[in-house]
Amino acid sequence: DGGITQSPKYLFRKEGQNVTLSCEQNLNHDAMYWYRQDPGQGLRLIYYSQIVNDFQKGDIAEGYSVSREKKESFPLTVTSAQKNPTAFYLCASTDRGRRVWGYTFGSGTRLTVV
Amino acid sequence: DQQVKQNSPSLSVQEGRISILNCDYTNSMFDYFLWYKKYPAEGPTFLISISSIKDKNEDGRFTVFLNKSAKHLSLHIVPSQPGDSAVYFCAASAISGANSKLTFGKGITLSVRP
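Sequence lines, in order, name chains A and B. Its first residue numbered 336, the first sequence is counted upward by one per residue in my numbering. Its first residue numbered 2, the second sequence is counted upward by one per residue in my numbering.
Here it is as structure tokens:
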């Protein structure tokens with residue numbers, strides 16, 4: 336079955352540590368996205384990538400970094416510079432040829448700073 | 002500056018009655034709109050969409066209405082069922098944009114009472 340997989344489902348980080356959230360898709364989608372969800376804030380775009388080896392900052396990119404070395408993978412690193420990293424992180428992908436028609440989300444990673 | 006607004010954070014309706022979820026947008030370049038449904042600790046799932054060339058789209062119990070002049074859309078669920086209880090996100094995109102991406106509202110929590 337094609338889909339988008341995020342791991343781990345739950346992640347705990349000590350203050351000052353960097354952590355990397357995994358996002359893998361086997362849908363052959365060109366574009367991938369990272370969103371963050373906070374209570375009462377909806378979904379806010381962190382980074383997105385339209386094609387391999389290229390990515391752009393979203394609305395709240397500070398304290399985050401990404402890479403897109405392979406079409407199927409778009410890992411997100413939450414660095415120690417991110418002031419309030421505790422949140423629910425969602426990865427999504429879409430077929431760029433169909434634009435937003437095929438926006439598929441993963442099941443999310445809950446990150447908690449301890 | 003929030004371009005997609007869901008001003009009511011929550012809605013409670015009786016099972017069997019109609020649920021009306023509202024969404025307003027400010028960006029006149031938006032020409033494609035979607036509704037996503039999200040359960041806790043899961044990724045959003047696509048529900049229904051509408052392009053700006055239409056003013057109504059129907060899929061089973063779900064109907065989306067678009068009023069372009071008012072920059073307003075609404076999702077109607079008839080009849081409402083307890084399983085519809087979830088957070089509903091309105092999203093918009095300028096589909097013709099070179100780097101089209103979804104802009105989400107803050108979401109509405111719908112509770113359907115048995």
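Every residue gets a Cβ at the ideal spot worked out from N, C-alpha and C, and that includes glycine.
What residue does the beta strand (DSSP E) around residue i start on, and which one ends it?
| i | result |
| --- | --- |
| Thr-46/B | 46–52 |
| Tyr-89/B | 87–94 |
| Leu-22/B | 20–26 |
| Phe-66/B | 63–68 |
| Thr-447/A | 444–448 |
| Tyr-3/B | The sequence shown places Gln at residue 3/B, not Tyr. That residue, Gln-3/B, is in no beta strand (DSSP E); it is neither H nor E in DSSP. |
Here's the rule: buried if 16 or more other CB atoms are within 10 angstroms of the residue's CB, otherwise exposed. What is residue i?
| i | result |
| --- | --- |
| Gln-341/A | buried |
| Ala-366/A | buried |
| Ala-427/A | buried |
| Ala-42/B | exposed |
Residues of chain B with CB closer than 7 Å to the CB of residue i, please, in chain order.
| i | result |
| --- | --- |
| Leu-378/A | Phe-90, Phe-105 |
Name the chain B residues that come within less than 8 Å of residue i, Cβ to Cβ?
| i | result |
| --- | --- |
| Gly-443/A | Ala-42, Glu-43, Gly-44 |
| Gly-375/A | Pro-10, Lys-107 |
| Leu-425/A | Gly-44, Pro-45 |
Is the beta carbon of residue i less than 8 Å from the beta carbon of residue j?
| i | j | result |
| --- | --- | --- |
| Leu-346/A | Leu-446/A | yes |
| Ser-415/A | Gln-352/A | yes |
| Ser-81/B | Leu-67/B | no |
| Leu-362/A | Tyr-370/A | no |
| Gly-375/A | Lys-107/B | yes |
| Leu-103/B | Tyr-424/A | no |
Against residue i, what residues of chain A qualify as contacts under a CB-to-CB distance less than 7 Å, listed in chain order?
| i | result |
| --- | --- |
| Lys-102/B | Tyr-368, Leu-380, Tyr-383 |
| Phe-47/B | Tyr-438 |
* Name, going along the chain, the residues of the stretch 380–391 of chain A whose beta-carbon falls closer than 9 Å to a beta-carbon of chain B. => Leu-380, Tyr-383, Gln-385, Gln-391
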